[in-house]
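**Student:** The opening position of the sequence shown corresponds to residue 1331 in our numbering, with each subsequent residue numbered one higher. Each residue gets a CB set at the ideal place from its N, CA and C atoms; glycine is no exception. The structure presented is a predicted model; accordingly, all values stated were derived computationally and were not measured. Would you mind keeping the following structure in view while I ask a few things?
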Amino acid sequence: MNTSRIALVTGANQGLGRALVEGLAARLGPDDLVLLTGRDAGRVADAAREIAEAPATRGRVEGRVLDVTDAGALAALAAELGERHGGVDVVISNAVAPLHPDRSQAAQADAFIDVANGATHAVLRSFGPVLKPGGRLLVVASSLGTLGRLDPRLHPLFDGASLDQVEYAVESWRSAVHSGTAQEAGWPLWVNVPSKVAQVAAVRAVAAERREHDLASGTLIAAVCPGMVDTRASRPWFGDYSGAQTPAAAAEAVLDVVFAEGADPALYGELVRFGKPLPWHGGEPATEQDRMLVP
């Protein structure tokens, strides 16, 4: 990557997203720009200002209000960065809607799917075309995102699927949740499991189309699993969070992927945890214990 690099993180005014912005701003140079994005204008402005004024910050930090469920807004921002800066060097899709243990999963499904899946699809579609050679497009997912976490009946919906097919599968699942037929069809009760599988499948779909060209230019598209992170959203789900990482610690492994030289073919298009790919077909079908936002 050259100087005057442009990085963007979604869902970045708190938790892991904020830590990723802090880490990018510390590792990039004074001519580089990190865009911290989120939906709440006040929180975005406060977080951007605090990071910009921190002693460890070297790069420039700016806040941008961005609703990731607005595909038009994502496309407009990508077009702006393409026109003004010739593209973007780093995109980390990190936004997620919280799940609450005291509410039914079905009642929360739409908001969760719109952010975790709809936004992932829109980020891939909007920022893939403006990703600079040698750039990084990473989707923060989970170790629950391997195909083996789903009932085998559902594997054909995601294995080798195109992005359009992944979107169709997600909407079919959403419909089944609302009609009360999801479990009968084999879908796990806990919405974060199929959502994470679909996130990784979407990354794999886009990567499959770009692999040869991207690897030749040192460009990397991947899903990343940061591990268990102690955040406001995750705490209600942990019986014991003593072993969870701080957001800053969890961000380090993701940032190591961002700043690695070249693009490792073994990581390209895969779900990466602590620098290693997780087998796409691995894992066991989800159980009730997977109700937690397991990393």
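Roughly how many whole angstroms lie between the Cα atoms of E1383 and G1353?
**Tutor:** Using only the alpha carbons, I get a separation of about 14 Å.
**Student:** What do you reckon, are the CB atoms on T1450 and A1532 nearer than 9 Å?
**Tutor:** Taking 9 Å as the Cβ cut-off, T1450 and A1532 qualify as a contacting pair.
**Student:** Is the separation between the beta-carbon of V1602 and that of A1537 shorter than 9 Å?
**Tutor:** Not closer than 9 Å, so no.
**Student:** DSSP on Q1435, reduced to helix/strand/coil?
**Tutor:** Of the three classes helix, strand and coil, the one that applies to Q1435 here is helix, per DSSP.
**Student:** Identify every run of the beta strand (DSSP E) within the stretch 1421–1491, keeping only runs that are complete inside it and at least 3 residues long; order them along the chain.
**Tutor:** If we require 3 residues or more, the beta strand (DSSP E) runs fully inside the stretch 1421–1491 come out as 1461–1470.
**Student:** If I measure Cβ to Cβ from L1484 and keep anything under 6 Å in the same chain, skipping five residues before and after, which residues do I get?
**Tutor:** The residues are G1516.
**Student:** Just list the residues that DSSP pairs I1551 with in beta bridges.
**Tutor:** Paired residues: L1467.
**Student:** For D1361, which of helix, strand or coil comes out of DSSP?
**Tutor:** Looking at D1361 - three-state DSSP - the assignment turns out to be coil, as it is neither helix nor strand.
**Student:** On the DSSP bridge list, what partners appear for A1535?
**Tutor:** A1535 is not bridged to any residue.
**Student:** Kindly list the residues whose CB is nearer than 6 Å to the CB of N1343, restricted to its own chain and excluding five residues on each side of it in sequence; keep chain order.
**Tutor:** Closer than 6 Å at the Cβ level, and outside the excluded window around N1343, lie G1368, R1373, V1374 and A1377.
**Student:** Between D1481, A1409 and L1461, which has its C-alpha nearest E1614's C-alpha?
**Tutor:** It is D1481 whose Cα lies nearest to the Cα of E1614.
**Student:** Confirm, please, whether the CB-CB distance from L1597 to P1319 is below 9 Å.
**Tutor:** Any question about residue 1319 goes unanswered here, given that the chain covers just 1331 to 1625.
**Student:** On the criterion of 16 or more Cβ atoms from any shown chain inside 10 Å, does D1362 qualify as buried, or is it exposed?
**Tutor:** Buried, by the Cβ-count rule.
**Student:** On the three-pair Cβ rule with 8 Å, is the stretch 1385–1398 touching the stretch 1427–1442?
**Tutor:** Not touching, per the Cβ criterion.
**Student:** Can the beta-carbon of A1355 be found less than 9 Å from the beta-carbon of G1389?
**Tutor:** Going by C-beta atoms, A1355 is nearer than 9 Å to G1389.
**Student:** Between the beta-carbon of D1560 and the beta-carbon of T1576, is there less than 9 Å?
**Tutor:** Yes, the pair counts as a contact, with Cβ atoms nearer than the cut-off.
**Student:** In this structure, how does DSSP classify G1557 when only helix, strand and coil are distinguished?
**Tutor:** G1557 falls in the coil class under three-state DSSP.
**Student:** Measuring only the C-alpha atoms, how far is D1397 from P1360?
**Tutor:** Each residue's Cα considered, the two are about 28 Å apart.
**Student:** Run through DSSP, which three-state label would E1413 get?
**Tutor:** Helix at E1413.
**Student:** Please state the DSSP three-state secondary structure of P1577.
**Tutor:** P1577 falls in the helix class under three-state DSSP.
**Student:** If I'm right that A1471 touches V1507 with Cβ under 8 Å, what's the distance once you round it to whole angstroms?
**Tutor:** Wrong, their Cβ atoms sit about 20 Å apart, outside the cutoff.
**Student:** From which residue to which residue does the beta strand (DSSP E) around G1393 run?
**Tutor:** Segment R1390 to V1395, the beta strand (DSSP E) holding G1393.
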